[in-house]
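The numbers in the numbering used here rise by one with no breaks, and the one at position 487 of the first sequence is 982.
All C-beta atoms, glycine included, are put in the ideal place defined by N, C-alpha and C.
Notes for the one structure printed next.
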Amino acid sequence: MSYSTHDIIKIEKKWQDYWRKHKIFSVEADPAKKKFYCLEMFPYPSGRIHMGHVRNYTIADVVARFKIMQGFNVLHPIGYDAFGQPAENAAIKNNTDPAKWTHRCIDEMRRDFIRMGFSYDWDRELATCDADYYRWNQWIFLKMFEKGLAYKKASPVNWCPSCETTLANEEVIDQKCWRCKNEVQQKELEQWYLKITDYSQQLLDDLRLLGNWPARVCAMQENWIGKSFGVEIYFREKETGTVIPVFTTRADTIFGATYVVLAPEHPFVERLIAGKPQESQLREFLRKAQSMSKSLRMSGDQRKEGAFTGAYAINPVNGEQVPIWVADYVLMEYGTGAIMAVPTHDQRDFLFAKEHGLPMRIVIKDSRRPHLKAEEMTEAYVESGELVNSHQFNGMPNEEAKKNIAGWMENNGIGKVTAHWRLRDWLISRQRYWGTPIPMIYCDHCGLVPVPENQLPVKLPEKIKITGEGGSPLEQCEAFVNVSCPVCGEKARRETDTMATFFDSSWYFLRYCDAHNNKAIFDPEKTAYWMPVDQYIGGIEHAILHLLYSRFFTKFLRDTGLLKIDEPFDRLLTQGMVLKDGEVMSKSRGNIVDPGSVIDHYGADTLRLFILFAAPPEDQLEWNDSAIDGSWRFLNRVYQAVEKKYVEVKQEPIRNFSNFDEMDHELYREIHATIKKVTEDFSKDLKFNTAISQIMILMNKLEKYQVEDSPEKQVLLNEAVKTVVLLLAPIAPHLCEELWQGMNQKGIVSRADWPAYNQEALVQAEVLMVVQVNGKVRAKILAPRDASEEQLRALALKDGKIIEYLGDKPVRKFIVVPNKIISIVV
RNA sequence: GGGCAAGUGGUGGAAUGGCAUACACGCAGGACUUAAAAUCCUGUGGCCGCAAGGCUGUGUGGGUUCGACUCCCACCUUGCCCACCA
496 MSYSTHDIIK
506 IEKKWQDYWR
516 KHKIFSVEAD
526 PAKKKFYCLE
536 MFPYPSGRIH
546 MGHVRNYTIA
556 DVVARFKIMQ
566 GFNVLHPIGY
576 DAFGQPAENA
586 AIKNNTDPAK
596 WTHRCIDEMR
606 RDFIRMGFSY
616 DWDRELATCD
626 ADYYRWNQWI
636 FLKMFEKGLA
646 YKKASPVNWC
656 PSCETTLANE
666 EVIDQKCWRC
676 KNEVQQKELE
686 QWYLKITDYS
696 QQLLDDLRLL
706 GNWPARVCAM
716 QENWIGKSFG
726 VEIYFREKET
736 GTVIPVFTTR
746 ADTIFGATYV
756 VLAPEHPFVE
766 RLIAGKPQES
776 QLREFLRKAQ
786 SMSKSLRMSG
796 DQRKEGAFTG
806 AYAINPVNGE
816 QVPIWVADYV
826 LMEYGTGAIM
836 AVPTHDQRDF
846 LFAKEHGLPM
856 RIVIKDSRRP
866 HLKAEEMTEA
876 YVESGELVNS
886 HQFNGMPNEE
896 AKKNIAGWME
906 NNGIGKVTAH
916 WRLRDWLISR
926 QRYWGTPIPM
936 IYCDHCGLVP
946 VPENQLPVKL
956 PEKIKITGEG
966 GSPLEQCEAF
976 VNVSCPVCGE
986 KARRETDTMA
996 TFFDSSWYFL
1006 RYCDAHNNKA
1016 IFDPEKTAYW
1026 MPVDQYIGGI
1036 EHAILHLLYS
1046 RFFTKFLRDT
1056 GLLKIDEPFD
1066 RLLTQGMVLK
1076 DGEVMSKSRG
1086 NIVDPGSVID
1096 HYGADTLRLF
1106 ILFAAPPEDQ
1116 LEWNDSAIDG
1126 SWRFLNRVYQ
1136 AVEKKYVEVK
1146 QEPIRNFSNF
1156 DEMDHELYRE
1166 IHATIKKVTE
1176 DFSKDLKFNT
1186 AISQIMILMN
1196 KLEKYQVEDS
1206 PEKQVLLNEA
1216 VKTVVLLLAP
1226 IAPHLCEELW
1236 QGMNQKGIVS
1246 RADWPAYNQE
1256 ALVQAEVLMV
1266 VQVNGKVRAK
1276 ILAPRDASEE
1286 QLRALALKDG
1296 KIIEYLGDKP
1306 VRKFIVVPNK
1316 IISIVV
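Have a look at this one:
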């Protein structure tokens, strides 16, 4: 058979059918076997796969196949993150049913995965939009509700008045609704939250357990959780004595506080301004500030607006009376919703004070400009220095003062050392159709009633009209909404909010362990065997939310006794993006390369090889139409090598090393060096690009190798060819199966044993050593392995070139790095 | 503004203290062919040189070292993430 596109397509189809028919990649939990759980982030089923999927899933597939060959019981599942807005939008646009649309997309995607030759356990396939799956979302929600971790709270949402619907932040573009282009408002709605903040400390502490995660992902999570230490200082309102706690990380600047600022939403504001002369102006300001959407209010260089309340606060450290302001640059969600302003040492306070003519006082001396006056400052001084104007703390370095002042405040009851977090509770309510219904019921008599477990799943109603307008589609579905109260039996109403899809994806890796259990979320014995995921692979865009939520769910389920692990994912790889002409591939840029057409032309193996070879997995990958020809050519050469170089030898000649000539030794060494390199690259840092390079080097060597009718040499050559096929099998599995069969080997290559390398084969009797003189390479000498310094000195000093470079200068230093380099200093 | 990456031939990249540019793409020349494709061979950082060879070279400047793409300091550029977080 020749190597043509036509044949390749046939070969690939043949092996894909074989693998599926014989369930080669289906596995069962078996405590007698060592397990390996290889997982990729499951896709949103948008239809055909794109290069990002190809890259992500090819990397995972190589890991899975490699581990199988190494003898592990490998769990490698796939599923679909199938709820979410695109299906609903498509339904609105084409007047179709989201379920139908989604399942059609899933079918297309599955076909593409099969065509890529991925080694999935198809028996565990799942889709989050199936009731078999989302009933367990509801079950988890009820458990969380039971434990007080799911609760309802009024909070502002982006609201489009013309579509009568809530919008995600991403759907608000320039303050306007992405669909109808009308102005978006903020509206208070009762929303469901998960109390992830109960786990803040654990989520932070356990980052230490994630040594096999990219450091930057941990750093991003740490920043997101955002624990900051500081002091809550108790200011008092002058008239009533009401305590106003403010949070600061800069207690050292307390003597420079010249005003206090409350967030517009601060509950105390209302009482403060009532009856004040400027009340109406203040109300106007508050109205404006609160109607502004959060994203606008927080946008970078927004001017800081604010107003004086007419009230004053007493600074507890010096009894000083300072004005209380309300300003939009203070956020209710962070700290106490109130700050002490130190304009001289905080840039935001500085800008605000300049804008509104508020007083300033320097309390930390800038050693470079010790005589600077506050009114001469052009920006806040935020560096360190000695305290001034700070009573008994004058002269103290400010870092020291931070601790001392905090301690002094605690002793005097005017402040408390505390920590604040950036992490907020997780809003999971969506006023959408295509998601998991939140299993709660509102009863006029009994209040908020959870749906009893035995009534799960609360199914999404089918065949309902979705227009995108008039609020949540479920709200209009009488059959869904009207229900009798599970407690008193009276008429009641169902919750019509659905869950954010991040809920679905926070535990799918657990369901894979026992995908079709209809009695329980999973059998704890099965998760005990398979979990944690040994290798997780996905995009960096999920570095924060998805991974944090999954960690939270894992800890929660551990606390309910279902899991025994603290963290779900042992090793994490975040693969880089696929670029074309230096830009991310996207429809709008028109620079998409369709994987399907590449497979049609070259076959899946070539695509797999190229995408692994072109860049290390974590880096960005530049798509190159002509470079893929190189991958095709290489596989062709492998094919030819088996056809032409592999000759079965009847009698099994005894390998006799003493008969090896230099060429034999070289090939033998290269075989084992390649096994070693590929094994290490596949195991440790998943450096497929260098593993492939090394296989190419072995190919280059074996192609040049001459057998000269010697059966012994033929055995050696056969071993080289066989090694290439084995090492390449995880990367180009279809071709390697075909070649394996062609070589009359037992079984299939997907289940073959991964070759072991012989360390002795790598040891050379003589090594080529580089000789440097004054740091420059001047000669290379062949020296016996592990030669002594004396031997090497003698060898080096009789080398013609070295003699020339040394001249009659005396040798000052003679440095030997064994078997590598000799460095002579004169 | 804060945090984290990264910067190496015409291109993707290799080398993480020890021969810079492995492996591949591209390009040039050659073989085969009526011709083309495919395939194979040779060359390919820059400068000087007929050559042997020499000098130079990993964003910029400094440092540590016998020796630095690699480690340290400062700067420049690009990318990503976070960001009125007190």
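A distance below 8 Å separates the beta carbons of residue 806 and residue 734. In this structure residue 1090 is in contact with residue 545, their Cβ atoms being roughly 7 Å apart against a cut-off of 8 Å. The three-state secondary structure of residue 1025, taken from DSSP, is helix. For residue 820, the pairing in a beta bridge is given by DSSP as 756 and 803. Secondary structure at residue 1241: coil, using DSSP grouped into helix, strand and coil. Assigned with DSSP and collapsed to three states, residue 970 falls in helix. Judged by pairs of C-beta atoms under 8 Å, the segment 607-622 touches the segment 549-556, as three or more such pairs exist. In this structure residue 1008 is buried. Its beta-carbon is surrounded by 16 or more other beta-carbon atoms within 10 angstroms. In this structure, DSSP gives residue 922 an extended state, which the three-state scheme calls strand.
Among the bridge pairs identified by DSSP, residue 652 is matched with 682. Excluding five sequence positions before and after residue 940, the CB atoms of its chain that fall closer than 6 Å to its own CB belong to 983 and 985, given in chain order. Counted as a single uninterrupted DSSP element, the beta strand (DSSP E) harbouring residue 916 occupies residues 910-916. Residue 999 sits close to residue 632, with the two beta carbons spaced by under 8 Å. A buried status is given to residue 990, since no fewer than 16 other beta-carbon atoms sit within 10 Å of its beta-carbon.
Within a 10 Å sphere around the beta-carbon of residue 873 sit fewer than 16 other beta-carbons, which makes this residue exposed.
Judged by DSSP secondary structure, residue 552 falls within the alpha helix (DSSP H) whose first and last residues are 546-564. With fewer than three CB-CB distances shorter than 8 Å, the segment 888-898 does not count as touching the segment 913-922.
The residue from 997, 1298, 1134 and 972 with its alpha-carbon nearest to that of residue 954 is 972. In this chain, the alpha helix (DSSP H) harbouring residue 1185 covers 1183-1199. In the displayed model, residue 1046 falls within a helix according to three-state DSSP. A contact is defined here as three or more CB-CB pairs under 8 Å, and the segment 688-708 meets this definition with respect to the segment 1044-1063. For residue 933, the secondary structure class from DSSP, reduced to helix, strand or coil, is coil. Under DSSP, the beta-bridge partners assigned to residue 687 are 647.
Positions of the alpha helix (DSSP H) runs, each at least 4 residues long and wholly inside the segment 561-600, are given as 580-589 in order along the chain. For residue 695, the three-state secondary structure derived from DSSP is helix.
DSSP lists 740 as the beta-bridge partner residues of residue 729. Contact annotation: residue 1279 and residue 1261 have beta-carbon atoms nearer than 8 Å. Put simply, the backbone Cα of residue 857 is about 7 Å away from that of residue 868. Bounds of any alpha helix (DSSP H) do not take in residue 871, whose DSSP letter is neither H nor E. For residue 881, the secondary structure class from DSSP, reduced to helix, strand or coil, is strand.
For residue 977, the enclosing beta strand (DSSP E) stretches over residues 977-979. Counting along the chain, residue 1267 sits inside no alpha helix (DSSP H); it lies in the beta strand (DSSP E) bounded by residues 1261-1268. Assignment of beta-bridge partners to residue 784 by DSSP yields no partner. The beta carbon of residue 1110 sits closer than 8 Å to those of 1071, 1116, 1117 and 1184, all from its chain and outside the five residues before and after it, given in chain order. Contact annotation: residue 1211 and residue 1163 have beta-carbon atoms nearer than 8 Å. For residue 1296, the secondary structure class from DSSP, reduced to helix, strand or coil, is helix.
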